[in-house]
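In the numbering used here, the protein residues as written are 54 to 309.
Ideal placement from N, C-alpha and C gives every residue a C-beta, glycine not left out.
In this text, all values refer to a predicted model and were calculated from it rather than measured experimentally.
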Amino acid sequence: MESSERIELPASFEDVSIDHLVLLIADMLERLIAHNDQIPLVPEGLTRFHSRAAPNISVLDYLRRIVRFTNVEKACLLLTLHYIDQICARMPLFTLSSLTAHRFIVASVAISSKAFCDAFCTNSHYAKVGGISIVELNVLEREFLRIIDWDLTCTRELLQEYYVNLVRTHSSGKFVIPTTQQSSSGSSDSEIEVDSGRSRPMSPVEGNSHAGHPPVPHGASTILIDTATLSPQPSQGPTIEQNMAFAALRESMDQS
Numbered sequence: 054m055e056s057s058e059r060i061e062l063p064a065s066f067e068d069v070s071i072d073h074l075v076l077l078i079a080d081m082l083e084r085l086i087a088h089n090d091q092i093p094l095v096p097e098g099l100t101r102f103h104s105r106a107a108p109n110i111s112v113l114d115y116l117r118r119i120v121r122f123t124n125v126e127k128a129c130l131l132l133t134l135h136y137i138d139q140i141c142a143r144m145p146l147f148t149l150s151s152l153t154a155h156r157f158i159v160a161s162v163a164i165s166s167k168a169f170c171d172a173f174c175t176n177s178h179y180a181k182v183g184g185i186s187i188v189e190l191n192v193l194e195r196e197f198l199r200i201i202d203w204d205l206t207c208t209r210e211l212l213q214e215y216y217v218n219l220v221r222t223h224s225s226g227k228f229v230i231p232t233t234q235q236s237s238s239g240s241s242d243s244e245i246e247v248d249s250g251r252s253r254p255m256s257p258v259e260g261n262s263h264a265g266h267p268p269v270p271h272g273a274s275t276i277l278i279d280t281a282t283l284s285p286q287p288s289q290g291p292t293i294e295q296n297m298a299f300a301a302l303r304e305s306m307d308q309s
């Protein structure tokens, strides 16, 4: 039987154990995926990140595998959440689902590690850990960078904001950042609480109208999005390639 005892976490994401951070991120992503899997898939919504079938590994186990075999840094794991928000803002039809999550995660970790870490793995290693071919990872990497327009930077303050919201909205409610830690860290209440208007836990299915911006269309839910400086790509009809891929995907899903 799972313990209901609350677990105190450090005020700063740099100090949290990577095992706890993985639990927090996986919980958020799995709730996001459960919501987005209910959104009907349309041909123009297909991307390079879509697989024919959902991988036979949970997001939690997938993240643990990546942490174990790539020694990824905590900031890079949190950057995955930032990149989800960035790409969802630019591509409103894109959703993180059971068909896209795993490829997105491994591409994000590979890109962020190479961009910001002194030590990182080769693409062949990331591909092997992620369970895809190196050719596929190279394609995903190029597509990822194209969509995000090479805007890989993110402030430490925003990563901290993601971390605090992960703790606050965890589905079990068992994680907490004690007030005494918040005070001793030198951060003000406004810095720790991030958004005083969101005092209750926020479900991922609620979307986000942060800073006065409307929720992402089609019911797709994001994490902590602020689209003030983003320019969504114009809506276009499905290409021949997307229509063919969509037909193949639907056929494979019907057979499974």
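Under the three-state DSSP convention, the category residue i falls into
{"i": "F122", "result": "helix"}
{"i": "V162", "result": "helix"}
{"i": "I49", "result": "In the structure as shown, the chain begins at 54 and stops at 309. Residue 49 is therefore absent and cannot be evaluated."}
{"i": "F147", "result": "coil"}
{"i": "F197", "result": "helix"}
{"i": "V112", "result": "helix"}
{"i": "V95", "result": "coil"}
{"i": "F66", "result": "helix"}
{"i": "F228", "result": "strand"}
{"i": "D138", "result": "helix"}
Own chain, CB closer than 6 Å to residue i, minus 5 neighbours either side, in chain order
{"i": "C174", "result": "T123"}
{"i": "V183", "result": "Note that residue 183 corresponds to Gly in the displayed sequence, not to Val. Answer for G183: V159, listed in chain order."}
{"i": "P108", "result": "H155"}
Residue i versus the options, residue with shortest Cα-Cα distance
{"i": "L130", "options": "S166, I92 and S111", "result": "S166"}
{"i": "R209", "options": "E61, L82 and S65", "result": "S65"}
{"i": "T133", "options": "V69, L82, I60 and L62", "result": "L82"}
{"i": "D68", "options": "S225, L212 and G226", "result": "L212"}
{"i": "L198", "options": "I185, V220 and S161", "result": "S161"}
{"i": "I86", "options": "S177, L113 and T206", "result": "L113"}
{"i": "I164", "options": "W203, G226 and E97", "result": "W203"}
8 Å CB neighbourhood of residue i in its chain, flanking five on each side removed
{"i": "T100", "result": "M144, F147, T153 and E196"}
{"i": "S111", "result": "A79 and E83"}
Rounded C-alpha distance that separates residue i from residue j
{"i": "H223", "j": "K181", "result": "30 Å"}
{"i": "Y136", "j": "L149", "result": "11 Å"}
{"i": "P254", "j": "R221", "result": "Annotation note: pLDDT 30 at P254 (below 50); position unreliable, coordinate value reported separately. Roughly 6 Å separates the two Cα atoms."}
{"i": "V95", "j": "P231", "result": "45 Å"}
{"i": "A74", "j": "V217", "result": "Reading off the sequence, residue 74 comes out as Leu, not Ala. One C-alpha to the other measures close to 11 Å."}
{"i": "F102", "j": "N191", "result": "12 Å"}
{"i": "N89", "j": "T206", "result": "26 Å"}
{"i": "F228", "j": "E61", "result": "6 Å"}
{"i": "S186", "j": "S177", "result": "8 Å"}
Residue i beta carbon near the ligand SAH (any heavy atom closer than 7 Å)
{"i": "E97", "result": "Although the ligand SAH was asked about, the structure shown includes no ligands whatsoever."}
Neighbourhood of residue i by C-beta, 7 Å cutoff - its chain only, sequence neighbours within 5 removed
{"i": "R117", "result": "V75"}
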